[in-house]
Amino acid sequence: MKKIMKTISIIVPCFNEEETINIYYDAMTKLKEDTNKFKFEYWFVDDGSKDRTYSILKELQKEHSDEVHFISFSRNFGKESALYAGLNEVTGDYVAVMDVDLQDPPEMLPEMFDLLEDGEYDCVGTARADREGENKIISFFSNGFYKVINKMSQTKIIPGARDYRLMTRQMVEAIKSMTEYNRFSKGIFSWVGFKTKYLPYKNRERSAGSTSWNFWKLFKYAVTGIVDFSEGPLMFATWMGTIFSITSIVAIIAIIIRKFINPLSSVNGWASIVSIILLIGGIQLLSIGILGEYIGKIFLEVKKRPIYIVKDKK
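When we follow full-length UniProt numbering, the leftmost residue of the sequence shown carries the number 1, and every step to the right adds one.
Have a look at this one:
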């Protein structure tokens with residue numbers, strides 16, 4: 001009896017990726033033909049691109065309608081929304097998340113597939129073993145981010161972890177059940193649990209084009225991850241307030257005692273007083289900012305706005 005070939009649904013977020021789409025599809029087609037282990041179902045998600053991404057996806061879907069599908073957003077909603085949109089559409093036995101620029105090595109898929117087929121794991125993820133070729137400043141802050149969030153949060157994230165992974169349907173359904181507006185997929189993948197194995201690989205350059213990520217976007221993404229999966233910043237504000245309150249009480253008592261012991265003592269050190277006032281004021285503003293960040297996230301959640309809006313889908 002002939003064994004039925006399983007289908008891998010692949011979610012591919014695209015934002016201004018006109019140069020990479022066909023290169024990616026050709027590489028994946030060659031992999032499928034060489035391995036002959038699985039079939040592919042593609043869900044390309046056009047995240048409000050300004051170039052010819054949408055047109056190229058329409059042409060690709062027309063030529064390969066048996067396996068290629070696309071979703072086009074009404075505007076740019078972000079990669080997290082694109083991933084969630086893809087998760088809501090996939091029908092395959094396993095589900096993969098990949099970048100279209102081929103920085104996620106397609107040749108790792110057969111090994112990931114075999115590991116899931118063995119039944120021991122629910123997910124096989126990937127993590128970069130190095131950051132060769134990446135901007136040194138971005139690398140420094142990225143490494144720092146993983147250290148900070150893993151100390152602050154109970155949800156642990158593997159350093160260098162990528163969104164590139166292969167998951168069972170059970171894990172996908174668990175992720176879909178998390179309908180929050182503010183999404184941080186690396187944290188969500190970890191939070192839902194399930195047994196995951198990470199495969200290391202060396203960093204790769206893009207196959208074509210240029211990345212849309214810059215330092216500011218990565219910084220905001222990191223802040224989202226910390227706020228979504230940690231109460232650490234709130235605890236920091238609480239502890240700083242407690243420390244300075246206790247310090248102030250001790251200082252007041254010391255001043256009163258000094259006044260009784262030496263009534264004629266003069267008050268010196270205006271510069272130090274001003275510095276302390278500025279320091280405390282700065283910490284207060286920082287604490288208010290931390291509270292504001294959390295309140296802002298709550299504000300967006302309670303509005304119940306859609307995570308994305310679809311303009312076209314095939």
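No residue lacks a Cβ here, since even glycine has one placed at the ideal position from N, Cα and C.
Note that the structure is predicted; figures quoted are calculated from it, not measured.
Buried or exposed (CB count within 10 angstroms, at least 16 for buried), residue i
i	result
V302	exposed
G193	exposed
M5	exposed
L109	buried
D104	buried
V250	exposed
G119	exposed
For residue j and residue i, the rounded distance between their alpha carbons
i	j	result
G282	E293	16 Å
T168	A174	10 Å
D99	I290	32 Å
L83	I11	7 Å
A85	I158	25 Å
E19	S55	12 Å
F260	T238	34 Å
L115	I280	54 Å
E107	F236	44 Å
E117	H64	27 Å
residue 322	D26	Because the chain here runs from 1 to 314, residue 322 falls outside it and cannot be looked at.
F299	I253	42 Å
N16	I71	14 Å
G187	T7	26 Å
Where residue i sits in the DSSP three-state scheme
i	result
E107	helix
Y294	helix
P233	helix
I52	For the sequence presented, residue 52 should be read as Arg rather than Ile. In the structure shown, R52 sits in coil (DSSP, three-state: anything other than H, G, I, E or B).
I276	helix
G78	coil
residue 339	Residue 339 falls outside the range modelled here, since the chain spans only 1 to 314, and no answer is possible.
A129	coil
S72	strand
CB-CB length for residue i against residue j, believed under 8 Å
i	j	result
L31	F44	That belief does not hold up - the Cβ atoms of L31 and F44 are roughly 17 Å apart, past 8 Å.
T126	Y198	7 Å
F38	M28	About 11 Å separates the two Cβ atoms, so there is no contact after all.
R165	C123	6 Å
7 Å CB neighbourhood of residue i in its chain, flanking five on each side removed
i	result
F73	D46, D47, G48, Y308, I309, V310 and K311
Cutoff 6 Å; reference residue i; Cβ partners in own chain excluding five residues on either side
i	result
T242	none
Any non-hydrogen atom of the ligand ZN closer than 7 Å to residue i Cβ
i	result
S287	Ligands in the displayed structure: none, and consequently the ligand ZN is not present.
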